[in-house]
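Oh and the sequence shown: position 3 is 3 in the UniProt record's numbering, straight run, nothing missing. Here the structure comes first, spelled out in structure tokens, and everything after it is commentary.
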Amino acid sequence: MTVMTAAAIEDFLDEIFPQRMGTIEGVDEMRATMSLAIDDEHLRPGASVSGPTLMGLADVCLYVAILAQIGPEPMAVTSDLHCRFLRRPRGDRDIIANARILKLGRRLAVGEVQLFSDGDERPVALVTATYALPDGD
């Protein structure tokens with residue numbers, strides 16, 4: 001069951017993490033969707049979206065999915081992240097990130113994020129990541 005709405009998460013992130021990238025499109029049970037409007041700052045040579053851009057959006061998207069489940073927690077932090085680049089992300093399209101939490105425990109959350117060039121159903125990258133959750137004591 002989600003405990004935070006997309007709007008509440010946006011407000012929370014505006015306060016504690018204003019430099020994040022992307023826009024929350026929605027949250028659901030163990031899931032989140034975000035988009036990123038691509039600009040020149042996100043491109044690498046060859047008009048492809050850069051790897052750091054993709055990894056950053058994926059990281060924030062999984063954080064959003066976790067926040068939707070556990071509530072406002074600034075100290076939930078990435079402890080591991082792996083990115084597999086699958087195909088060229090087009091620099092003339094927004095990037096869409098779909099996060100899914102695979103395991104939500106007391107101390108760790110594990111999830112995956114698929115990233116897409118808007119309008120293409122084939123993913124451009126697959127990210128798996130683990131978040132360390134603070135001790136509730």
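The beta-carbon is built from N, C-alpha and C at its ideal position, and this holds for glycine as well.
Local conformation of residue i per DSSP, three classes
{"i": "M55", "result": "helix"}
{"i": "Q19", "result": "coil"}
{"i": "I38", "result": "coil"}
{"i": "D14", "result": "helix"}
{"i": "L67", "result": "helix"}
{"i": "A6", "result": "helix"}
{"i": "R93", "result": "coil"}
{"i": "A32", "result": "strand"}
{"i": "A99", "result": "strand"}
Nearest-angstrom beta carbon gap, residue j and residue i [assumed within contact, 8 angstroms]
{"i": "R100", "j": "V124", "result": "17 angstroms between Cβ atoms; not a contact."}
{"i": "P129", "j": "G111", "result": "According to the sequence provided, residue 129 is Ala. The question's Pro does not apply to it. Indeed they touch by this definition, with Cβ atoms about 6 angstroms apart."}
{"i": "M21", "j": "V60", "result": "6 angstroms"}
Option in the options with minimal Cα separation from residue i
{"i": "D120", "options": "D40, A97, T5", "result": "A97"}
{"i": "P28", "options": "F116, Q69, A76", "result": "Reading the sequence as shown, one finds Asp at residue 28 and not Pro. The option with the nearest alpha carbon to D28 is Q69."}
{"i": "A47", "options": "A109, G91, S117", "result": "G91"}
{"i": "M55", "options": "I66, L36, L67", "result": "L36"}
Residues sharing a beta bridge with residue i, DSSP
{"i": "C61", "result": "For C61, which the question treats as bridged, DSSP gives no partner whatsoever."}
{"i": "G26", "result": "T33"}
Residue span of the beta strand (DSSP E) that contains residue i, given as start and end
{"i": "P123", "result": "123–132"}
{"i": "L86", "result": "It is not in any beta strand (DSSP E) - L86 carries neither H nor E in the DSSP assignment."}
{"i": "G111", "result": "108–117"}
{"i": "A47", "result": "Looking at the DSSP string, A47 is not in any beta strand (DSSP E), and its letter there is neither H nor E."}
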